[in-house]
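FYI, in the working numbering the residues of the sequence shown are 185 to 388.
Below is one structure; the comments refer to it alone.
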Amino acid sequence: RSRMRLGLIGPANDRDDHLERAVRFLSKERAVHRAVYLGLDPALERVVGALASRAVGDDPGVGAVWQRAAVRCGQAAPAEIDRFLEAERERLSLMVFGALPGEDTRLIELLCGKVAVMIHDKALLDEDDIASATFLVFGKSTEPMVKPIGSRWFLTPGPLASGGVMVLDDGSGVVELSLYDDQQREVRRERLMTPSDGRLKVRP
């Protein structure tokens, strides 16, 4: 079974500096396999694009990688080639970040074989979402929330100004949640237990 470490980022609300810090943290410190921005604005595309350009140059697209390699590595010393490869690895690490396509669009992920549904506004979750999912993740909130209801978890990292970063990691065979404040300090950690009998347990 492949491991999944899922990063969740709350709305930036025009604070690109907060979003950039969150992206760097999830990429470099937590090495997430996938990260989803739960806001509806274009901030993630803007921030990730700027970081990629900073790493490899004005055209950070995949299609330009061979052109970049030809220009920078054709007559380069080994140390210069190492720097080129490191910059390209940094660009590739940003490709795990994505955003919700629209207000009522859901994204789906599997964690320990259980469905996580991600959406901006939890009011738009329908019966099918709730019936099929164990983890219901949303972005529209004034503060972080980790709330068990029956055999399901309602989760939001909250806006970036009040934290806005959450990680769900299923590497231990149980989904482990970590919640971070606006300085990327861990403020909460839980193992999200959902036994087969439907009764839900929280294990610190």
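Just so you know, even glycine gets a beta-carbon here, dropped at the ideal spot from N, CA and C.
What would DSSP say about residue 312, mapped onto helix, strand or coil? Residue 312 sits at position 128 when you count from the first residue of the sequence shown. Residue 312 falls in the helix class under three-state DSSP.
Requested in this report: Using the Cα positions of residue 344 and residue 196, report the straight-line distance between them to the nearest angstrom.
Outcome: The count along the sequence shown starts at 1 and reaches residue 344 at position 160. The count along the sequence shown starts at 1 and reaches residue 196 at position 12. Here the alpha carbon of residue 344 sits roughly 5 Å from the alpha carbon of residue 196.
Quiz prompt | Residue from 201, 299, 279, 230 with nearest C-alpha to residue 211 | solution = One-based indexing of the sequence shown puts residue 211 at position 27. Closest option to residue 211, Cα to Cα, is 279.
*Specify whether the stretch 222 to 239 and the stretch 313 to 326 touch according to this definition: at least 3 beta carbon pairs, one from each stretch, less than 8 Å apart.*
Touching, per the Cβ criterion.
Alpha-carbon spacing of residue 283 relative to residue 336, whole angstroms:
As a first step, residue 283 is located in the sequence shown; it is residue number 99 there, counting from the start. As a first step, residue 336 is located in the sequence shown; it is residue number 152 there, counting from the start. Pairing residue 283 with residue 336, the inter-Cα distance amounts to about 23 Å.
- Message: Bridge partners for residue 332 per DSSP, in chain order?
- Response: Indexing the sequence shown from 1 puts residue 332 at position 148. Residue 332 is bridged to 337.
message: With DSSP as the reference, identify every bridge partner of residue 350, one or two as the case may be.
response: By one-based count along the sequence shown, residue 350 stands at place 166. DSSP lists 192, 363 as partners of residue 350.
Tell me the rounded alpha-carbon separation between residue 215 and residue 207. Position 31 of the sequence shown, counted from the start, is the residue given in the question as residue 215. Position 23 of the sequence shown, counted from the start, is the residue given in the question as residue 207. Taking the straight line from one Cα to the other gives about 10 Å.
Query - According to DSSP, residues forming a beta bridge with residue 220 - result: Reading the sequence shown from its first residue, position 36 is the one you call residue 220. BP columns for residue 220 point to 192, 282.
*Do residue 328 and residue 347 come within 8 Å of each other at the CB atom, strictly closer than that value?*
Taking the sequence shown and counting its residues from 1, the one referred to as residue 347 is at position 163. Taking the sequence shown and counting its residues from 1, the one referred to as residue 328 is at position 144. It is a contact, given that the beta carbons lie within the stated cut-off.
Original post:
Which first and last residues belong to the alpha helix (DSSP H) in which residue 206 is found?
Top reply: As a working mapping, residue 206 is identified with position 22 in the sequence shown. The continuous alpha helix (DSSP H) containing residue 206 extends over residues 200 to 208.
**Prompt:** In chain order, what residues of the same chain lie with their CB nearer than 6 Å to the CB of residue 350, ignoring the 5 residues before and after it?
**Reply:** Along the sequence shown, read from residue 1 onward, the residue named residue 350 stands at position 166. 192, 341, 363, listed in sequence order.
*asked:* Assuming residue 190 and residue 293 are in contact, meaning their beta carbons sit under 8 Å apart, how far apart are those beta carbons, in whole angstroms?
replied: By 1-based counting over the sequence shown, the position of residue 190 is 6. By 1-based counting over the sequence shown, the position of residue 293 is 109. Sure, about 6 Å apart at Cβ, within 8 Å.
Under the rule that 16 or more other beta-carbon atoms within 10 Å means buried, what is residue 301, buried or exposed? Here the question's residue 301 lines up with position 117 in the sequence shown. It counts as buried.
### Task
Flag this pair as yes or no: are the beta carbons of residue 296 and residue 354 separated by less than 8 Å?
Position 112 of the sequence shown, counted from the first residue, corresponds to residue 296. Position 170 of the sequence shown, counted from the first residue, corresponds to residue 354. The answer is yes: Cβ separation under 8 Å.
Margin query: So the candidates are 229, 311, 237; which of them puts its Cα closest to the Cα of residue 285?
Written below: Looking up residue 285 in the sequence shown gives position 101. Nearest C-alpha to residue 285 among 229, 311, 237: 229.
- Rounded straight-line distance, which links the Cα of residue 314 to that of residue 232: As a first step, residue 232 is located in the sequence shown; it is residue number 48 there, counting from the start. As a first step, residue 314 is located in the sequence shown; it is residue number 130 there, counting from the start. Just so you know, the alpha carbons of residue 232 and residue 314 end up roughly 32 Å apart.
Query raised in the report: Can you tell me whether DSSP reads residue 327 as helix, strand or coil?
Result: Position 143 of the sequence shown, counting from 1, holds the residue named residue 327. In the structure shown, residue 327 falls within a coil segment according to DSSP collapsed to helix, strand and coil.
State the start and end residues of the unbroken beta strand (DSSP E) segment that holds residue 376.
Position 192 of the sequence shown, counting from 1, holds the residue named residue 376. Its beta strand (DSSP E) spans residues 370 to 377.
- Query: Do you know how far the Cα of residue 290 is from the Cα of residue 307?
  - Reply: Counting from 1 along the sequence shown, the entry for residue 307 is found at position 123. Counting from 1 along the sequence shown, the entry for residue 290 is found at position 106. Rounded to whole angstroms, residue 307 to residue 290 spans 12 Å at the Cα level.
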